[in-house]
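Asks:
Residue numbers (this note's numbering), protein chains in the order written: chain R, 2 to 323; chain A, 13 to 630; chain V, 5 to 309.
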């Protein structure tokens, strides 16, 4: 029995029966990662969320429409004052009809084109401010979270800035820079990154010392790889969520600024301006359309971004991938 | 689980409600005891103080005039009458004014208790307070610039009060000595600067004078019995008032509401308040509703005069080409083309969409502001040809445009950029700029003029005007006293009001080196005895300014529409000062008037006033 | 103490920022009609003509005497404490009322959602949360005031003598809080319910309700304890929208108003109060958290973050 076995083993040991397999690096990787792809899974997860997909479609349509609207035929100029052919003077508060789809405002400007022009302005502000918030916020937050020596100092700076009323800063800015599109963006950028920075800092502090990172570091993984492979996937979901949320946030903030009198000049249509102009008409039922139309468009945009942002951040979280 | 939720809910409600209801503190308001003659209102701007010795805001002196009386007052036809002074005399040279104070007038506290008698010393005490720079009075300048040694005392150059031209000769005799003859001194007395104060009380309360309703004394028609800032205030008829038979409204209840302007129309319909202004936004609905339309009546415009000013000393950014503007603005045909090209009705529609022509004005001084010898100022001299003439004339404007183009060809760059700032916190102003821009550019051509509306922060807005940071600007001016002179102040160079620097216009200098306008005003000012000539000369000056198109008269402030149970034309009528805010003589009707009734009342009042003025003129 | 330094820096910066605003702002509409001498005297009486370091020193000196000073524009020569004393109670009452409602309803909502995850109740509440979070408050609040008041026959304005007029503002004020609390609780509970110890408790035969109360809720309360003291304290700052919509004479908007009218002393006092409140709130939060959750030790890090 024993000898027989030995024979077999010896037969196997016969080198001619074997050859060295080539080390296939790709195959090695395949075992470790299966067919997982981060972005693929993210998108797959996202597409599973029907309401988010719906919002995405709605959003894309709306966005596309905002930009092609001025080139459509029969569109009116958002700042032009339309005249009443009977009097030769401005066509005031003309109710919605086939000519002016959303009616005109108190000086005869076309509300339909103003709403789209306002949407463009507000989205532009929101995107610029959002990108700045994310970019600067992450940079600052990362610094804050990573460089331990700076933590106390930056925390102090944060506390101070956070406690200075934004209104003071904005009033000063509006006084120094005079109300305009640029001032608005500058003012929002000046204060908006705080929340993001703090958020990122907290995230980094949480993740930085997790066991798997500790393990990675012990195994000699370079910092760049820790950042790109270990930390970034976590942060992507957060970043996406923040960008998505910062858009309704910025629009809401713009409405608020307009409300307290620090908004854009009235001759630049924006959603904040339109809502605020409409607010003054609420006591007049026949003119209320001037509030309702902008409010509805505004709500559609903010809700879509919100739903999408949440869905995408869920989808982008690797823990939810399976 | 359900129980758990239910109990949570209950707790929430209980705690939430408890947190709310605890506050239902004092007794309910007197709404249940409402009498027909009481007045109810909501207001959105709160007073900062009741210290009438300091204030110069309309809001505050408009209230003060109901609490404290001065020497003289206007009646409902606009005739000056004795108030606390029973009679007065003026010296030959027009410098010394002596007033006899009525004896027996009482100061009362907010609770209605007698405090002291009103004497001539009370005016001295008030002026002494105002002349003390530490008190930072905003209305004392009216007095110290008029009385002898006033300014010197205020600036500390004189420390002896005896040298100042304000004296109480005895308890009932008050004497003002002026530094120059002022023909309109009597009307000056109806401004808040000339209200008395009890010296002893002032000393007692010291710094706290006027900080709330308990910290002032009352000798006027009403006293404030309650005032909680940003909440409510109550005015009650002063039973010790010397003229109490003319006070018909016994109680006035004011409730604070930040959104009062928006909500008042609804509150009025529900019978909660006695009157409401109707903003243009609401008016649309009211006018289209047959029932509501029946209670809409107009409001007379104020004496705030609005005009578009051409800046002769442009200091704005190079981006808007100030040098080019300077060349253009010095061309009369260019100015005239805008003067006749501006459709003021279009512009006014942004403020008054229903009857814009009612608020359009063709002169700087409004009609019915001041008259002499039964003749209104705007009927004097060349003004009478201007006052009813609409400056908007598209054909004439184009003619002037072509002339200007020919003359400026090669000298100025077309289109001429006209930088037009507006206050970004005023949405109707912003809209008006857009309308004016598009109207002028479409009439005169975009190759000729390029109006550029520029949003400026509300903070410090007028600094743009003062520093010349504009090319073409909507400005306004309210009278400081009841004389034609007051409307020349913004343009009269030595007054340093910094409106549009007519003295810097090229080609308008007289041989004496001063600008023509200044000489015209100078001449008129010198005339202090013959008022007819004085009026004539001021009319010439004003007409010159308009004819040369240094400005474009535009409109009046105020006006609009209201629905109110307060009977119109019962209030004291004045074009300046604080008498127009008096509740004396006013009556609450059972129901609001309609437009026809109002027009009838207006016609009757106008006839009465004309008769009264004519009688006075003789 | 570190937080005192923060407050100190904040008020100093605010003090200096306010001095950067134009002098004309102190006169509101009257600037033009005053003589130059008058303007100077008025500024002097406000103490604005001194060099800034002298002003700053005076300000610190009066602060050390615990004197917040007197208002200069908003209500000249009236003690700031008097002004605030009249306003704070309104804001606090409304704030606490809204806080109670938003806590209880929000938590109830969150629990329900977690319990019926994926069911229609969950979806319905999620819709609500999304709506409130996404639509700007300025928009939905005005529609509530306009339409709900009419439908529910509630007064459109606050009237301190009619308790019924308190309902709408308190409810509107709590809407945001309800959504926030519910969202947070739902997420927390869903995470928690999947944890092993809950499975163990189930396996032990513990009832669903007992698990909820003894385990999940107890744990859910820890982060809540952190923010609760600050929210209670911050009710004194009031709500700018609600208070102006319903005409409530509270603190909301006072800061914005004071800033736009350049009432320096009032702005400084408010900033001092709000920043101290923020820092005290944080501290109390840490304390409360440590009490609720024995695993947390305060000495460890100091900060709650």
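C-beta atoms are modelled at their ideal positions from N, C-alpha and C, and glycine is treated no differently.
(1) Assign residue 219 of chain R to one of three DSSP states: helix, strand, or coil.
(2) Touch check for the region 210–222 of chain R and the region 86–106 of chain R: three-plus C-beta pairs under 8 Å?
(3) Buried or exposed for residue 433 of chain A, going by 16 or more other Cβ atoms inside 10 Å?
(4) Residue ranges of each beta strand (DSSP E) run of no fewer than 3 residues wholly in the region 224–284 of chain A, ordered along the chain?
(5) Taking the alpha carbon of residue 359 of chain A as the reference point, which residue from A/347, A/373 and A/265 has its own alpha carbon closest?
(6) Could you check if residue 219 of chain R is buried or exposed, using at least 16 other CB atoms within 10 Å of its CB as the buried criterion?
(7) Use the C-beta contact count for residue 34 of chain A: other C-beta atoms within 10 angstroms, 16 or more gives buried, fewer gives exposed.
(8) Determine the direct distance from the alpha carbon of residue 129 of chain R to that of residue 661 of chain A, and round the result to whole angstroms.
(9) In the structure shown, what three-state DSSP assignment does residue 154 of chain R receive?
(10) Does the region 306–318 of chain A touch the region 286–300 of chain R, meaning 3 or more C-beta pairs lie closer than 8 Å?
(11) Tell whether a beta-carbon distance below 7 Å holds between residue 598 of chain A and residue 582 of chain A.
(12) Leaving aside the five residues before and after residue 189 of chain R along the sequence, list all residues of the same chain whose C-beta is less than 6 Å from its C-beta, in chain order.
(13) From what residue to what residue does the alpha helix (DSSP H) around residue 1 of chain V run?
(14) With which residues is residue 322 of chain A paired in a DSSP beta bridge?
(15) Which residues in the same chain as residue 109 of chain V place their Cβ atom closer than 6 Å to its Cβ, once the five residues preceding and following it in sequence are excluded?
(16) Could you tell me which chain V residues have their CB closer than 9 Å to the CB of residue 96 of chain R, listed as they occur along the chain?
(17) Which first and last residues belong to the alpha helix (DSSP H) in which residue 545 of chain A is found?
(18) Helix, strand or coil for residue 266 of chain V? Go by DSSP, reduced to three states.
(19) In three-state DSSP terms, what is residue 628 of chain A?
(20) Could you give the distance in angstroms between the alpha-carbon of residue 205 of chain A and the alpha-carbon of residue 111 of chain A?
(21) DSSP beta-bridge partners for residue 632 of chain A?
(22) In the DSSP output, which residue or residues are listed as bridge partners for residue 288 of chain A?
(23) Thinking C-beta only, is residue 180 of chain R closer than 7 Å to residue 118 of chain R?
(24) Please compile the residues from chain V whose C-beta is within a distance smaller than 9 Å of the C-beta of residue 176 of chain R.
(25) Would you say residue 299 of chain V faces chain R, with C-beta separation under 7 Å as the test?
(26) Report the residue ranges of all alpha helix (DSSP H) runs contained in full by the region 169–256 of chain R; include only those spanning at least 4 residues, in chain order.
(27) Leaving out five residues before and five after residue 47 of chain A in sequence, what residues of the same chain have Cβ atoms less than 8 Å from its Cβ?
(28) Chain A beta carbons: is any one of them nearer than 7 Å to that of residue 46 of chain V?
(29) Quick one: list the residues of chain R neighbouring residue 10 of chain V, beta-carbon separation under 8 Å, in chain order.
(30) Could you check which residue in A/327, A/613 and A/469 has the C-alpha nearest to that of residue 483 of chain A?
(31) Just checking: is the beta-carbon of residue 138 of chain V within a distance shorter than 7 Å of some beta-carbon in chain R?
(32) Since residue 312 of chain A contacts residue 575 of chain A with CB under 8 Å, what's their CB separation in whole angstroms?
(33) By Cβ distance below 7 Å, which residues in the same chain neighbour residue 552 of chain A in space, the five residues on each side in sequence not counted?
(34) Give, in chain order, every residue of the region 59–92 of chain R whose Cβ lies closer than 8 Å to some Cβ of chain A.
(35) Can you check the region 12–78 of chain V for any alpha helix (DSSP H) of at least 4 residues that lies completely inside it and give the ranges in chain order?
(36) Determine the chain A residues that contact residue 82 of chain V at a beta-carbon separation under 7 Å, and present them in chain order.
Replies: Taking the coordinates as given:
(1) helix
(2) no
(3) buried
(4) 234–240, 244–249 and 263–268
(5) A/373
(6) exposed
(7) At residue 34 of chain A the pLDDT is 40, less than 50, meaning the model places this residue with poor confidence; the figure from the coordinates comes in the next sentence. When all chains shown are included, residue 34 of chain A counts as exposed.
(8) Lying outside 13 to 630, the shown extent of chain A, residue 661 of chain A is not represented and no answer is given.
(9) helix
(10) no
(11) yes
(12) 130
(13) This structure cannot settle anything about residue 1 of chain V, because the visible part of chain V is limited to 5 through 309.
(14) A/484
(15) 182
(16) Within 9 Å Cβ-Cβ: nothing; residue 96 of chain R doesn't reach chain V, min ~19 Å.
(17) 543–559
(18) coil
(19) helix
(20) 16 Å
(21) For chain A, the structure presents residues 13 to 630; residue 632 of chain A sits outside this window and is missing.
(22) A/575
(23) no
(24) 24, 25, 26 and 29
(25) no
(26) 182–209 and 212–219
(27) Below a pLDDT of 50, predicted positions are generally treated as unreliable, and residue 47 of chain A, at 46, falls in that range; the measurement from the model is reported next regardless. The residues are 262 and 263.
(28) yes
(29) 157, 160, 161 and 164
(30) A/327
(31) yes
(32) Going by Cβ atoms, the distance from residue 312 of chain A to residue 575 of chain A rounds to 15 Å, so no, they are not a contact pair.
(33) 393, 394 and 532
(34) 80, 81, 82, 90 and 91
(35) 40–49 and 56–68
(36) 223
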